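If you're matching them up, the sequences are chains A and B in order.
The C-terminal residue of the first sequence carries number 235 in the working numbering, and the numbering is unbroken.
The C-terminal residue of the second sequence carries number 235 in the working numbering, and the numbering is unbroken.
There are 2 protein chains.
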Amino acid sequence: MAYTYEYPRPSVTVDLAIFTIREGKLHVLLIRRGGQPFKGKWALPGGFVLEGEDLETAALRELQEETGVRDLYLEQLYTFGEPQRDPRGRVITVAYFALISSDRQELSAQTDAAGVEWHAMDALPPLAFDHEKILEYALDRLRNKLEYTTVGFQLLPKKFTLSELQGIYEAILGRGLDKRNFRRKIALLDILEETDEKKMEGVHRPARLYRFKARKFEKLKDKGILFPF
Amino acid sequence: MAYTYEYPRPSVTVDLAIFTIREGKLHVLLIRRGGQPFKGKWALPGGFVLEGEDLETAALRELQEETGVRDLYLEQLYTFGEPQRDPRGRVITVAYFALISSDRQELSAQTDAAGVEWHAMDALPPLAFDHEKILEYALDRLRNKLEYTTVGFQLLPKKFTLSELQGIYEAILGRGLDKRNFRRKIALLDILEETDEKKMEGVHRPARLYRFKARKFEKLKDKGILFPF
DNA sequence: CTGCTTTAGTGTCTATAATACACTATTTAG
DNA sequence: CTAAATAGTGTATTATAGACACTAAAGCAG
């Protein structure tokens with residue numbers, strides 16, 4: 007049944023650009039390589055697609071192995087297949103990107119022992135393979151998606167303040183946004199609802215906490231559409 | 007050097023969704039399969055990625071083999087890798103889409119003997135493999151791209167009338183557009199220039215022919231950006 | 001308890017872009 | 001010269017984006 011072709015059979019991997027926000031800045035998850043090639047260099051988490059395994063399944067499996075996180079916003083990015091991109095031979099990689107909210111990123115800290123670390127996007131070390139190119143592509147896509155989808159919302163805990171939401175947008179876009187215009191557009195989307203709670207933190211007026219309107223949000227999550235800025 | 011991994015090595019193919027406009031309607035190029043599986047069914051043109059061959063190079067090569075056309079707008083679409091998508095074994099396919107202008111689509115007629123035919127998108131036969139899914143994805147992307155890029159312009163000969171350009175948009179979007187609004191937006195883009203020529207054809211007022219402003223267009227082609235509708 | 005600091009929260013005006021909508025102009029065929 | 005067919009043109013309305021500044025509420029210091 008399997009493999010009856012007389013054509014080259016490259017290895018196929020998945021690589022993940024996993025983003026989060028820490029301390030107001032966009033970070034990406036990197037792993038320090040333990041073996042050759044590129045030993046000691048940082049790389050995107052990823053690995054080989056297994057026998058009979060779907061590509062997205064492989065990406066989710068790798069994600070869980072590396073970070074312990076399930077059930078994520080995960081999107082196929084691009085497939086990189088230059089013949090020389092891996093010095094060991096022909097390896098084609100399907101890149102995905104994912105977002106982890108600030109309250110779930112703690113889980114991944116458990117695996118930190120294995121050389122897994124969050125790196126600020128504005129202070130990246132040199133990366134293995136063509137992972138710099140992949141990351142550049144991923145950041146492009148992320149910023150783009152931000153403009154017409156709700157991706158940014160993936161990066162927040164269940165309840166959040168509007169300032170926190172704006173902070174996410176500013177961190178990804180790399181520029182400041184006007185508070186009033188931002189709030190007006192969010193309100194227009196009609197996907198948030200107030201809670202009675204307030205975030206009491208620090209020496210200043212407490213901010214109201216919001217959450218998504220569950221029904222609306224679930225529908226939109228599938229379509230991916232919405233959220234212009 | 008090559009293939010030192012102990013991991014599954016699927017075959018990797020490229021498949022192409024090649025669109026054109028014929029008689030005012032969106033068409034896609036299909037090939038009738040000569041062998042098993044899906045013998046006699048229609049399929050997207052495509053084929054295996056060769057040893058040491060870049061993915062896009064493979065797509066361009068297949069395109070040329072099937073249609074004789076070079077130098078096309080070609081864009082990676084998505085990679086499909088469900089384990090069971092090919093009954094012969096694990097085959098991962100990287101899908102591309104391309105657009106051929108009405109004056110170049112004639113070239114491809116030369117290979118028609120081999121069961122290569124244009125099919126109207128609104129009257130497709132059943133397709134082999136998961137090619138219906140791939141096509142659906144491609145059409146989605148094409149319509150989307152139309153709204154914020156200049157892709158539509160790829161489907162026209164060097165000189166064309168504004169009505170022809172509008173026809174392209176209507177064929178892809180599947181709905182009519184207002185003539186005055188369409189022309190205003192085109193003018194705003196500032197990427198067309200008038201020629202002195204007119205298209206004398208039929209029993210009616212002749213239309214002025216336009217062409218792209220070469221410099222502007224070359225810049226935009228790379229970026230891919232521009233052209234909201 | 002007063003006031004200083006810090007972040008939350010709110011509304012208007014202007015500019016730009018999108019849409020709806022109808023008539024005149026030019027050509028050929030008969 | 002008239003009929004048929006497509007080319008070509010402008011205005012008014014509505015929706016969206018961006019610029020912009022002050023008041024509100026909490027904690028802490030004195």
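We put the beta carbon where it would ideally sit given N, CA and C, even for glycine.
Quick caveat, the model's predicted, so the values are computed rather than measured.
Handout entry: Nearest candidate by alpha-carbon position, reference B/Asp-128, set B/Ser-17, B/Gly-158, B/Val-34
Key = Counting from 1 along the second sequence, the entry for residue 128 of chain B is found at position 122. Taking B/Asp-128 as reference, the option from B/Ser-17, B/Gly-158, B/Val-34 with the minimal CA-CA separation is B/Val-34.
Problem - DSSP bridge partner residues for A/Ile-98 (one or two, in chain order) - result: The sequence position of residue 98 of chain A within the first sequence is 92, counting from 1. Bridge pairing for A/Ile-98: A/Val-18 [DSSP].
Practice task
Return the first residue and the last residue of the beta strand (DSSP E) that B/Gly-41 is part of.
Solution key: For the purposes of this step, residue 41 of chain B is taken as residue 35 along the second sequence, with counting starting at 1. Segment: none, B/Gly-41 is in no beta strand (DSSP E) and carries neither H nor E.
Handout entry: Beta-carbon proximity list for A/Leu-78, same chain, < 6 Å, skipping 5 on both sides
Key = Residue mapping note: residue 78 of chain A aligns to position 72 of the first sequence, counting from 1. These residues qualify, in order along the chain: Ala-104.
Exercise for the section: Using a threshold of 8 Å, state whether the C-beta atoms of B/Gly-52 and B/Thr-26 are closer than that. Expected result: Here residue 52 of chain B refers to the residue found at position 46 when the second sequence is read from its first residue. Here residue 26 of chain B refers to the residue found at position 20 when the second sequence is read from its first residue. With respect to B/Thr-26, B/Gly-52 sits apart: the two C-beta atoms are not nearer than 8 Å.
Exercise for the section: Use the C-beta contact count for B/Lys-151: other C-beta atoms within 10 angstroms, 16 or more gives buried, fewer gives exposed. Expected result: On the second sequence, position 145 is the one that residue 151 of chain B refers to. Result: buried.
Handout entry: chain A residues whose Cβ lies nearer than 8 Å to that of B/Val-157
Key = Mapped onto the second sequence, residue 157 of chain B falls at position 151. In chain order: nothing, as chain A lies at least about 16 Å away.
Practice task
Please report how far the alpha carbon of A/Glu-164 lies from the alpha carbon of B/Gly-121, in whole angstroms.
Solution key: In the first sequence, residue 164 of chain A corresponds to position 158, counting from 1. In the second sequence, residue 121 of chain B corresponds to position 115, counting from 1. What sits at residue 164 of chain A in the sequence shown is Lys, not Glu. In this structure, the straight-line span from the alpha carbon of A/Lys-164 to that of B/Gly-121 is close to 56 Å.
Problem - Residues sharing a beta bridge with B/Ile-27, DSSP - result: Here residue 27 of chain B is taken as the residue at index 21 of the second sequence, counted from 1. B/Ile-27 is bridged by DSSP to B/Leu-32.
Handout entry: Cβ neighbours of B/Ser-169 in the same chain (closer than 7 Å, five flanking residues each side left out)
Key = Taking the first residue of the second sequence as 1, we reach residue 169 of chain B at position 163. Result list for B/Ser-169: Ala-213, in chain order.
Exercise for the section: Following the continuous alpha helix (DSSP H) through A/Glu-59, name the residue where it begins and the one where it ends. Expected result: Within the first sequence, the letter at position 53 stands for residue 59 of chain A. Element bounds for A/Glu-59: n/a, residue is neither H nor E.
Exercise for the section: Go through its chain and collect everything with a Cβ distance to B/Glu-199's Cβ below 8 Å, but skip five positions before and after it. Expected result: Position 193 of the second sequence, counted from the first residue, corresponds to residue 199 of chain B. The answer, listed in chain order, is Tyr-216, Arg-217, Phe-218, Lys-219.
Practice task
Let me know the secondary structure DSSP gives B/Asp-146 once reduced to three states.
Solution key: Locating residue 146 of chain B in the second sequence gives position 140, where the first residue counts as 1. Helix at B/Asp-146.
Practice task
Can you say whether A/Gln-42 is buried or exposed, counting buried as having 16 or more other CB atoms within 10 angstroms of its CB?
Solution key: The count along the first sequence starts at 1 and reaches residue 42 of chain A at position 36. Exposed.
Problem - Under 8 Å by beta carbon: chain A residues contacting B/Asp-60 - result: Translated into the one-based positions of the second sequence, residue 60 of chain B becomes position 54. Going along chain A in sequence order, the residues near B/Asp-60 (Cβ under 8 Å) are Gly-87, Glu-88, Pro-89.
Practice task
Could you tell me whether any Cβ in chain B is nearer than 8 Å to the Cβ of A/Gln-42?
Solution key: As a first step, residue 42 of chain A must be located in the first sequence, where it is residue number 36. By this cut-off, A/Gln-42 is not an interface position.
Problem - Contact under 8 Å by Cβ, B/Asp-92 with B/Leu-50 - result: Counted from its first residue, the second sequence places residue 92 of chain B at position 86. Counted from its first residue, the second sequence places residue 50 of chain B at position 44. Remark: C-beta atoms of B/Asp-92 and B/Leu-50 do not approach each other more closely than 8 Å.
Exercise for the section: For B/Gly-82, go through chain A and note every residue whose CB falls closer than 8 Å to its CB, in chain order. Expected result: The count along the second sequence starts at 1 and reaches residue 82 of chain B at position 76. The residue asked about is misnamed: residue 82 of chain B is Gln in this sequence, not Gly. One finds Tyr-84, Thr-85 in chain A with Cβ atoms closer than 8 Å to the Cβ of B/Gln-82, taken in chain order.
Problem - Closer than 9 Å at the beta carbon, the chain B residues around A/Leu-56 - result: For the purposes of this step, residue 56 of chain A is taken as the residue at position 50 of the first sequence. Here the neighbours are Tyr-13, Pro-14.
Handout entry: Sequence-distant residues of the same chain with beta carbon closer than 7 Å to B/Gly-30, five excluded per side
Key = The residue given as residue 30 of chain B occupies position 24 in the second sequence. In its chain, beyond the 5 residues on either side, Gly-173, Ala-177 have a beta carbon closer than 7 Å to the beta carbon of B/Gly-30.
Handout entry: Cβ-based neighbour list, A/Asp-118, same chain, cut-off 7 Å, excluding 5 preceding and 5 following
Key = As a position in the first sequence, residue 118 of chain A is number 112, starting the count at 1. Residue confidence for A/Asp-118 is low, a pLDDT of 49 falling below 50, so the modelled location carries little weight; the figure read from the coordinates is stated next. Answer for A/Asp-118: no residue qualifies.
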